[in-house]
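>
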Amino acid sequence: MNDSANFAGYQADDIEFLGIVFGPVGSYEFRFAVTASVERNEYVQVHHGAYGWLLGRVDEVRLETDLTSEGAKKVAMGESVAFSEEEIAQATIVGYADGKGGIASPKQPVAAGSRVYRATDETISSVLGLSSEANGARIGTLHGRALPVQMDIEAMVQKHISIVAKTGGGKSYLAGVLMEEMLKHSVTTLVLDPHGEYGSLRYAEGGSGQKSAFATEVIEFATDVEVNAQAQPLRFTCSNFSASELLSLTSMAENKGALSALTVCLGRVKEKGQDYVIQDIITEMEEDDNPLLSQLRKELGAISAMNIFSEHGTRTDQIANPGKTTIINFKGATPEVQGLFARRLLTALFEQRKRGKIPPLLVVLEEAHNFCPQQGKTESSRIIRTIAAEGRKFGLWILVITQRAAKVDKNVLSQCNTQFILKLTNVNDIKAVASSVEGMTAEMLQEIPRLQTGVAIAIGGGLPVPLLVDVRKRLTRHGGESVGTSWRK
Ligand SMILES: Nc1ncnc2c1ncn2[C@@H]1O[C@H](COP(=O)(O)OP(=O)(O)O)[C@@H](O)[C@H]1O
Ligand SMILES: [Mg+2]
7 MNDSANFAGY
17 QADDIEFLGI
27 VFGPVGSYEF
37 RFAVTASVER
47 NEYVQVHHGA
57 YGWLLGRVDE
67 VRLETDLTSE
77 GAKKVAMGES
87 VAFSEEEIAQ
97 ATIVGYADGK
107 GGIASPKQPV
117 AAGSRVYRAT
127 DETISSVLGL
137 SSEANGARIG
147 TLHGRALPVQ
157 MDIEAMVQKH
167 ISIVAKTGGG
177 KSYLAGVLME
187 EMLKHSVTTL
197 VLDPHGEYGS
207 LRYAEGGSGQ
217 KSAFATEVIE
227 FATDVEVNAQ
237 AQPLRFTCSN
247 FSASELLSLT
257 SMAENKGALS
267 ALTVCLGRVK
277 EKGQDYVIQD
287 IITEMEEDDN
297 PLLSQLRKEL
307 GAISAMNIFS
317 EHGTRTDQIA
327 NPGKTTIINF
337 KGATPEVQGL
347 FARRLLTALF
357 EQRKRGKIPP
367 LLVVLEEAHN
377 FCPQQGKTES
387 SRIIRTIAAE
397 GRKFGLWILV
407 ITQRAAKVDK
417 NVLSQCNTQF
427 ILKLTNVNDI
437 KAVASSVEGM
447 TAEMLQEIPR
457 LQTGVAIAIG
467 GGLPVPLLVD
477 VRKRLTRHGG
487 ESVGTSWRK
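For the sequence shown, this note's numbering gives the first residue as 7, with consecutive numbering after it.
1) What residue range is occupied by the uninterrupted alpha helix (DSSP H) comprising residue 274?
2) Less than 8 Å separating the beta-carbons of residue 27 and residue 44?
3) Give me whichever residues DSSP pairs with residue 440 in a beta bridge.
4) Can you tell me the Cα-Cα spacing of residue 161 and residue 215, whole angstroms?
5) Check whether the Cβ of residue 168 sits closer than 7 Å to any heavy atom of ligand 2, and report yes or no.
6) Compute every distance between the C-beta of residue 484 and the non-hydrogen atoms of ligand 1, then say whether any falls below 7 Å.
7) Could you give the residue range of the alpha helix (DSSP H) that holds residue 285?
8) With distances taken between CB atoms, is the gap from residue 475 to residue 146 smaller than 8 Å?
9) What residues in its chain sit with their C-beta under 7 Å from that of residue 233, if we drop five residues either side in the sequence?
10) Counting Cβ pairs closer than 8 Å, one from the stretch 191 to 208 and one from the stretch 427 to 441, do we hit at least three?
11) Between which two residues does the alpha helix (DSSP H) containing residue 376 stretch?
12) Quick test of the definition: if touching needs 3 or more C-beta pairs under 8 Å, does the stretch 309 to 327 touch the stretch 292 to 301?
13) Give the single residue among 54, 324 and 445 whose Cα lies nearest to the Cα of residue 122.
14) Only counting the same chain, and skipping five residues up and downstream in sequence, which positions put a Cβ closer than 6 Å to that of residue 73?
15) Measure the C-alpha to C-alpha separation of residue 150 and residue 302 and round it to an integer number of angstroms.
16) Between 219, 62, 96 and 364, which lies nearest to residue 130 when the distance is taken from Cα to Cα?
17) How many Å lie between residue 186 and residue 251 at the Cα?
18) How about residue 206: is its Cβ closer than 7 Å to a heavy atom in ligand 2?
19) Go ahead and label residue 495 buried or exposed: buried means 16 or more other beta carbons lie within 10 angstroms of its beta carbon, across all protein chains shown.
20) Work out the CA separation of residue 70 and residue 3 for me, nearest whole Å.
21) Measure the alpha-carbon distance for residue 412 versus residue 177 and round it to whole angstroms.
22) Could you tell me the alpha carbon to alpha carbon distance between residue 352 and residue 390, rounded to whole angstroms?
23) Taking residue 37 as part of the beta strand (DSSP E), name the residues at either end of that continuous run.
24) Tell me whether residue 175, by its Cβ, gets closer than 7 Å to a heavy atom of ligand 1.
25) Tell me whether residue 171 counts as near ligand 3, meaning its Cβ is closer than 7 Å to at least one heavy atom of that ligand.
26) Do residue 356 and residue 393 come within 8 Å of each other at the CB atom, strictly closer than that value?
27) Would you mind sorting residue 409 into buried or exposed? The rule is 16 or more other CB atoms within 10 Å of its CB.
28) Just to confirm my understanding: we take residue 445, look at its own chain, exclude 5 residues before and 5 after, and list those with CB closer than 8 Å. What are they?
29) Tell whether a beta-carbon distance below 8 Å holds between residue 360 and residue 400.
30) Identify the residues that DSSP records as bridge partners of residue 313: which are they?
31) Residue range of the beta strand (DSSP E) that residue 335 falls in?
32) Is residue 281 helix, strand or coil when you go by DSSP?
33) So what does residue 223 bridge to, in DSSP terms?
34) Using three-state DSSP, classify residue 142 as helix, strand or coil.
35) Which residue wins for smallest C-alpha separation from residue 266, given the options 246, 242 and 299?
36) Around the Cβ of residue 17, are there at least 16 other Cβ atoms within 10 angstroms (buried) or fewer (exposed)?
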């Protein structure tokens, strides 16, 4: 190895040489003439007299040729035309290890003529500060490398978390990976699960049907235990619901006449006693000959048959289990039922959390655009916005998962400081990500539609810079396979 570190020709013999820096050079970027195979997103290193090894990342590889359009036409006619070509890579400087475990940016450019090498795992780890501490959340490996990427759980739950990708981009899979890490680290978690995808955390990866290491730490409740026989029933106390809330579960939610008729009926039921069930309201309605009520009776009858209301509701301390993951499986429930019960649950949990009655809690919101849409309102919109704004102070965090970043309440999305962005193609969704994510560079935005399934841009959560990560394999079974293709017989 050449030990005169102060001149551009610094040479390292034991690492792969890729090319030579040329042309105008900035303190953030440089170009190099490529002499070996190099790809976009690859990490490179170049030596700087003042800072030692600088880590860079290839943004683009271009082939410059002097083949003219005239020449191209001749080629098309079968003539042989001589032309030269030159491969050029454009790289951004990530930084150098500051010697204190951090990352620093050079203030001077690298010298033209410097030799560029494929970055070694050692250089990458030391500059990016990729640690393998036991208290980290192991989410995967650096894209294209075997280097483990860990995130800091403490930093992740300082604020909220989001996962954004188009359908099939790998959101639920990654959410499952994060939930495994939460289970490993005994973070109390509650999942609002519209498709019943997360009960599979109880089973080991693969189709053997074997229980996973977390089987006893995962508790599942469902609104419909006929469809979801493995779950315990989730129950709400009917007498806690107002006439307008009950009406919101029906097709007559906006009908003022139905509301006043139901309010009168409910008043009569309440006079008879506090512990009533939904059937008592239906029976009371039969006394009335208001034609509006016969339709409503039918709909409330259907709700009564779902068995979600009962005299004694499920308690919040049954739902926030210290160190465990509790799933609220809404499969089979209407969007109205999901919205109202999500609101009820989240409101109760927030109040209990403020009083310290339940442990600090991470709430996972699958299909968040349905629970807190940007346009229009659902029953759960307001409480989710409140938790996004204030929950952190009280140890209540949310993990927002959505395929439509543009359709999620921006006030919620912008509160997420740890973000995972997987493949997105919709222009509005990419714009929504660009405006809600701090430190999003133009290069990263360009990368988003090109990401492969299972590759995520991870931002925050203790990482010094955004990283491209190959999400690790699940330890438990992924339950989301069939969602979205159910029409295919
Ligand atoms: N990190 C990964 N490793 C391996 N396979 C993955 C990974 N991420 C996603 N997949 C595959 O891609 C499919 C779609 O992922 P999924 O998380 O269900 O998508 P989404 O929830 O975004 O619609 C999964 O069924 C799984 O087979
Ligand atoms: Mg999914």
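Ideal Cβ positions, reconstructed from N, Cα and C, are used throughout, including at glycine. The structure presented is a predicted model; accordingly, all values stated were derived computationally and were not measured.
Answer, in terms of the structure:
1) The count along the sequence shown starts at 1 and reaches residue 274 at position 268. Run containing residue 274: 262 to 278, per the alpha helix (DSSP H) assignment.
2) Sequence index remark: in the sequence shown, residue 27 carries index 21 (1-based). Sequence index remark: in the sequence shown, residue 44 carries index 38 (1-based). Their beta carbons are not under 8 Å apart, which means residue 27 does not touch residue 44 by this criterion.
3) Position 434 of the sequence shown, counted from the first residue, corresponds to residue 440. Bridge partners of residue 440: none, in fact.
4) Within the sequence shown, numbered from 1, the residue matching residue 161 stands at position 155. Within the sequence shown, numbered from 1, the residue matching residue 215 stands at position 209. About 35 Å.
5) Locating residue 168 in the sequence shown gives position 162, where the first residue counts as 1. No, Cβ of residue 168 sits at least 7 Å from all heavy atoms of ligand 2.
6) Residue mapping note: residue 484 aligns to position 478 of the sequence shown, counting from 1. Answer for residue 484: yes, Cβ within range of ligand 1.
7) Taking the first residue of the sequence shown as 1, we reach residue 285 at position 279. Residues 284 to 292.
8) Mapped onto the sequence shown, residue 475 falls at position 469. Mapped onto the sequence shown, residue 146 falls at position 140. Their beta carbons are under 8 Å apart, which means residue 475 touches residue 146 by this criterion.
9) Within the sequence shown, numbered from 1, the residue matching residue 233 stands at position 227. Closer than 7 Å at Cβ, skipping near neighbours: 337 and 338.
10) no
11) As a position in the sequence shown, residue 376 is number 370, starting the count at 1. Unbroken alpha helix (DSSP H) run through residue 376: 374 to 377.
12) no
13) Position 116 of the sequence shown, counted from the first residue, corresponds to residue 122. Nearest of 54, 324 and 445 to residue 122, Cα basis: 54.
14) Counted from its first residue, the sequence shown places residue 73 at position 67. Excluding sequence neighbours, residue 73 sits near 89.
15) Taking the first residue of the sequence shown as 1, we reach residue 150 at position 144. Taking the first residue of the sequence shown as 1, we reach residue 302 at position 296. So the alpha carbons of these two residues sit roughly 59 Å apart.
16) Against the sequence shown, residue 130 aligns to sequence position 124. Among 219, 62, 96 and 364, the Cα nearest to that of residue 130 is on 62.
17) On the sequence shown, residue 186 is found 180 positions in, with the first residue counted as 1. On the sequence shown, residue 251 is found 245 positions in, with the first residue counted as 1. The straight-line gap from Cα to Cα measures roughly 36 Å.
18) Reading the sequence shown from its first residue, position 200 is the one you call residue 206. No, ligand 2 has no heavy atom inside 7 Å of this Cβ.
19) For the purposes of this step, residue 495 is identified with residue 489 of the sequence shown, where counting begins at 1. In this prediction, residue 495 has a pLDDT of 39, which is less than 50 and means its spatial position is unreliable; nothing more can be read from the coordinates.
20) Given a span of 7 to 495 for the chain in the structure shown, any question on residue 3 remains unanswerable.
21) In the sequence shown, the residue the question calls residue 412 occupies position 406. In the sequence shown, the residue the question calls residue 177 occupies position 171. Cα to Cα, the separation comes out at about 16 Å.
22) Looking up residue 352 in the sequence shown gives position 346. Looking up residue 390 in the sequence shown gives position 384. C-alpha separation (whole angstroms): 8 Å.
23) Here residue 37 refers to the residue found at position 31 when the sequence shown is read from its first residue. Run containing residue 37: 35 to 40, per the beta strand (DSSP E) assignment.
24) Indexing the sequence shown from 1 puts residue 175 at position 169. Because some heavy atom of ligand 1 lies under 7 Å away, the Cβ of residue 175 counts as near it: yes.
25) This structure lacks ligand 3; its bound ligands are ligand 1 and ligand 2.
26) Position 387 of the sequence shown, counted from the start, is the residue given in the question as residue 393. Position 350 of the sequence shown, counted from the start, is the residue given in the question as residue 356. Going by C-beta atoms, residue 393 is nearer than 8 Å to residue 356.
27) Against the sequence shown, residue 409 aligns to sequence position 403. The residue is buried, with at least 16 neighbouring Cβ atoms inside 10 Å.
28) Residue numbering aside, residue 445 sits at position 439 when the sequence shown is read from its first letter. Excluding positions up to five away in sequence, the list reads 465 and 472.
29) By one-based count along the sequence shown, residue 360 stands at place 354. By one-based count along the sequence shown, residue 400 stands at place 394. Closer than 8 Å, so yes.
30) Along the sequence shown, read from residue 1 onward, the residue named residue 313 stands at position 307. According to DSSP, which records beta bridges pairwise, residue 313 is partnered with nothing at all.
31) Translated into the one-based positions of the sequence shown, residue 335 becomes position 329. Element bounds for residue 335: 331 to 335.
32) Along the sequence shown, one-based indexing puts residue 281 at 275. Residue 281 falls in the coil class under three-state DSSP.
33) As a position in the sequence shown, residue 223 is number 217, starting the count at 1. Answer is none; residue 223 lacks a bridge partner.
34) For the purposes of this step, residue 142 is taken as residue 136 along the sequence shown, with counting starting at 1. DSSP places residue 142 in strand when its eight states are reduced to three.
35) Position 260 of the sequence shown holds residue 266. Nearest of 246, 242 and 299 to residue 266, Cα basis: 299.
36) Taking the first residue of the sequence shown as position 1, residue 17 is located at position 11. Looking at its Cβ environment, which holds fewer than 16 other Cβ atoms inside 10 Å, residue 17 is exposed.
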